[in-house]
Amino acid sequence: MSSSSVVRAKVGKAKRNPSSSRVPYGLWGVVGIVVFLGIWELLPITGIVKAAYLPPASEVLGTLFMDFTLTAFWVAVGETLLAWFLGLAMAVLLALVVGLIIGMSSFLRRATNSTIEFLRPIPSVALIPLAVLLFGTKIESSLMLIVYACFWQVLIQVLYGVADVDNVAMQTARSYGFSRVQQIRDVIFPTMLPYLMTGIRLGAAVALILAITAELIIGSPGLGKEIQLAQSGGAIAGMYALIVATGLLGVAINACMRVVEKRALSWHASVRGENVA
Amino acid sequence: MKTLKSLAFVLVLPVLLVLWWAVATLGGASFFVPTPVDLVSTFVQTWVGERMFTDVLPSIQRLVFGVLGAIVLGVMLGLIVGMNRTARAITEPVFEFFRALPPPVLIPVLMLLVGINDGMKIAVIISGAIWPVLLNTIEGVRAIDPVQNETSRSYGISGFSRIRYQVLPSATPTIMAGVRQCLSIGLILMVISEMFASSSGLGFAIVQFQRSFAVPEMWSGIVVLGLIGVIMSFIFQWIERRVLRWYNGLKEVENAV
Amino acid sequence: MLSSQNGTTGGRTLPEGEALLSVRGLKKVYRTDGGDIEAVRDLTFDLGHGELVCLVGPSGSGKTTLLKCIAGLLGATSGEVLLDGQKVTGPPKKMAVVFQEYGRSLFPWLRVADNVELPLKNAGVPKAERKKLVDEALEAVGLSHVPKSYPWQLSGGMQQRVAIARAVAYQPEVLLMDEPFAAVDAQTRADLEDLIRNVWKKLGVTVLFVTHDIDESIYLGQRVIILSSSPTVVQEDIIIDLPAERDQLETRSLPRFTELRHHVYAEIQKAKQGHRPEEAKTKFLTNPK
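Residue numbers (our numbering), protein chains in the order written: chain Z, 24 to 300; chain P, 411 to 667; chain V, 5 to 293.
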């Protein structure tokens, strides 16, 4: 595509399909949202689905906006976010330390491989009964589940990252007498950073799922618990409103994580660039 | 000699951990932690026998149906949406919302809409596990190499043929990544839907044990869940290795360069 | 070849009904954010049955655009392409394309033989005949020994041979090649050039070969169409009167080869500087000065 790409590059983005791209991509997205809300509004109103089981979108969104004015709502959001953050942070720290230790020793890597591959697929929710026994409905229950699940996510990525380190670079560092800490800081960490960011991003999503799950099932403080209360109390529109709020929280977290990842990696790229130069 | 060495590496840490556990509980089982022997015997007592058929197998069956349903629906819908730029644009925000929504939150919703029965549990699994497959299929189809597409067009490969011979194989690596996530979400949902809204099944049984403080039984249930997770993971890896043999070979060659 | 050069602009055309491939007044305008880009202004030329014609031009001369319009992969803004008298509106059945990016054009999940077989399978050709065509094609390109390999296990040159075999097995009337040897090393390129000439002679297929390599265009072609810079028109359409038996060493050291090369090079330099055929009309016919 050498010829046409040179021509196009001079002037700007060339649109290959005039028909579908007169309307900007984002606008179609808005159409999608509107259509979805429209269907949600119509299903209960026309009686296709019982309004008692699925209140119309307008009612749910109205309840949601009301919630935004209530302190109790934001307290619940805060509780969920607290569990999410603490759990994720602990998991990341633990996984980083364990991952570096294991990753830097080929003996340890081989010795722990089977155990990791066995423990990793164990669903964190299997620990729910244990958490209830140990911590009841306190936030520690949430944390136990979150840390267990996120730890494996991040650990795997850290191990990939350490494995990706250039052998030549490591040998060079050692021959120059770098201490362990220096080796980690200057050789291993830069290579591992993108993987770590991926792990954190994946862990962030998992942490939210488990936080909500713990709150829903166990009753530890947070949005999930409020959802369960609304459901058992028959406040159906309120329950749906909280569910939408949870989804929005998830979207916000995903978006934040993407930004964080991009920032960390651009810093990483610029730092690496300087090092190479 | 080499296989013996590999075997040693596989076993050394687990054996050490079990020994440590046995030693730690030598003085007698604590309330929270049974001795290894206790656990094994409880495991056999509880699960080998009738409960296997009343609780475990139906749970697994629901899981399998749910996951297969999620995969089939996710791939089909993903193909349709992925191949059409306008469809992608329209559905993207709504799908992203549902992907960000923690799946367990849909359990109360589905309880209302579908009632508490097997169908509901399978619906719960599908409703949560479909998103990684769907979104990964869309991405896999969207990111297909334009040169590949032009090749198909120039040789008159279109429609179902094109999907079968070009689009689907090309998107398979991305789809498989989505399937892996789908499996773990499916397992989570299976357990939770039974803990939350059921009177039978694996999740329900474990919660019952916990509520009645039958701690060794509870642990044995956790072990069963763990085994299911591990077996599923191995089956998936085996399938992935075979389906993606060409892709793994390709990556090896690329990385060697 | 009884074709005449078409006035001051345009390549050689044949009398009505004799051409296999006709390009008439082809024009392609791209719509972009910054305005319209006229990539190709007016291209007119014919290919007779069994001809091997090379298209050569400076970067940005719309070579790939032109090829994609002819192949039916891209719609022209105006003008038309006729294959056997039929207007080309989409990829025609009797045409096969060999792309420059062989690594991305061959399907990595299929083995070599399956890659070659796929267009035939899709066209509904019965199994026995498919096998015969595939075996013959692989033999024609010298790859009978690797049918079970995957493309990514082969070298670049071998991969491009697979792509050529795939095109050949398809039994097209016209073979379009879009700078197929640009991404291959020089020695492999020489082998592949000879391969193309052999395949062309053996099968009697009509070939339109796009390249940026001047030497290659003269070595391969019976005719070389030189394109101007964008917006593209035919700068010149010259006949290569080298002997029909070509050899990498012998032919390239002929004085006539050097003259032709000199001429084409000069024309392309002029084209790069923006000279248009209306201004610099140098009809270089069959006899040297």
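A virtual CB, placed ideally from N, CA and C, is assigned to each residue, including glycine.
- Taking 7 angstroms as the upper bound on Cβ-Cβ separation, chain P lies near residues Ala75, Leu77, Pro95 and Lys97 of the stretch 69-99 of chain V.
- From the beta-carbon of valine 155 of chain Z, the residues of chain P found nearer than 8 angstroms are Gln620.
- In the assembly as shown, leucine 30 of chain V is a buried residue. Its beta-carbon has 16 or more other beta-carbons within 10 Å.
- With contacts defined by Cβ atoms closer than 8 angstroms, valine 33 of chain V and glutamate 20 of chain V do not form a contacting pair.
- With contacts defined by Cβ atoms closer than 8 angstroms, arginine 201 of chain V and glutamate 55 of chain V do not form a contacting pair.
- For threonine 561 of chain P, a Cβ of chain V is located within less than 8 angstroms of the residue's own Cβ.
- Here the alpha carbons of arginine 655 of chain P and glutamate 662 of chain P stand approximately 11 angstroms from one another.
- By the C-beta density criterion, leucine 224 of chain V is buried, having at least 16 other C-beta atoms within 10 angstroms.
- Counting along the chain, methionine 99 of chain V sits inside the beta strand (DSSP E) bounded by residues 99-102.
- Taken through DSSP and simplified to helix, strand or coil, alanine 154 of chain Z comes out as helix.
- The three-state secondary structure of alanine 23 of chain V, taken from DSSP, is strand.
- The straight-line gap separating the alpha-carbon atoms of leucine 25 of chain V and glutamate 254 of chain V is approximately 32 angstroms.
- Taking C-beta atoms as the reference points, proline 626 of chain P and proline 512 of chain P fail to come closer than 8 angstroms.
- In the DSSP assignment, glutamine 90 of chain V is bridged to V/Leu87.
- According to DSSP, lysine 32 of chain V shares a beta bridge with V/Val44.
- Put simply, of Z/Thr269, Z/Ile276, Z/Ile259 and Z/Leu265 the residue whose alpha carbon is nearest the alpha carbon of leucine 523 of chain P is Z/Ile259.
- Of the residues V/Ala194, V/Ala127, V/Phe261 and V/Leu147, the one whose Cα lies closest to the Cα of tyrosine 565 of chain P is V/Ala127.
- Using a Cβ-Cβ cut-off of 8 angstroms, tryptophan 51 of chain Z counts as an interface residue toward chain P, since at least one Cβ of chain P sits closer than that to its own.
- Using a CB distance cut-off of 8 angstroms, isoleucine 567 of chain P counts as an interface residue toward chain V.
- From the beta-carbon of arginine 133 of chain Z, the residues of chain P found nearer than 7 angstroms are Phe419.
- Rounded to the nearest whole angstrom, the C-alpha separation of isoleucine 169 of chain Z and leucine 489 of chain P is 34 angstroms.
- The three-state reading of DSSP puts arginine 227 of chain V in strand, counting E and B together.
- Contacts with chain Z (Cβ-Cβ distance below 7 angstroms) from the stretch 522-556 of chain P involve Leu522 and Leu523, listed in chain order.
- From the beta-carbon of glutamine 254 of chain Z, the residues of chain P found nearer than 7 angstroms are Pro518.
- Residues Glu238 and Gly242 of the same chain have their beta carbon placed closer than 6 angstroms to that of lysine 248 of chain Z, with the five preceding and five following residues left out of the count.
- Fewer than three pairs of CB atoms, one per stretch, sit closer than 8 angstroms, so the stretch 114-125 of chain Z makes no contact with the stretch 608-627 of chain P.
- Separation of valine 57 of chain Z and tyrosine 48 of chain Z (C-alpha to C-alpha, rounded to the nearest whole angstrom) is 15 angstroms.
- Excluding its 5 nearest sequence neighbours in each direction, valine 210 of chain Z has C-beta neighbours in its own chain below 7 angstroms: Val188, Ala192, Met193 and Ala196, listed in chain order.
- Its chain contains Leu66 as the residues whose beta carbon lies nearer than 8 angstroms to that of valine 72 of chain Z, once the 5 sequence neighbours on both sides are disregarded; these appear in chain order.
- Note that the C-beta distance between valine 145 of chain V and alanine 117 of chain V is not below 8 angstroms.
- Isoleucine 179 of chain Z does not reach chain P, its nearest Cβ partner there being about 12 angstroms away, counting only Cβ pairs nearer than 7 angstroms.
- Within chain Z, the residues whose beta carbon sits less than 7 angstroms from that of glutamate 506 of chain P are Val274, listed in sequence order.
- Taking a Cβ-Cβ cut-off of 7 angstroms, the neighbours of tryptophan 656 of chain P in chain V comprise Pro112, Trp113 and Tyr154, given in sequence order.
- For methionine 181 of chain V, the enclosing beta strand (DSSP E) has its first and last residue at 178-182.
- Judged by DSSP secondary structure, glutamate 502 of chain P falls within the alpha helix (DSSP H) whose first and last residues are 495-510.
- Cβ proximity to chain V below 8 angstroms picks out nothing from the stretch 623-654 of chain P.
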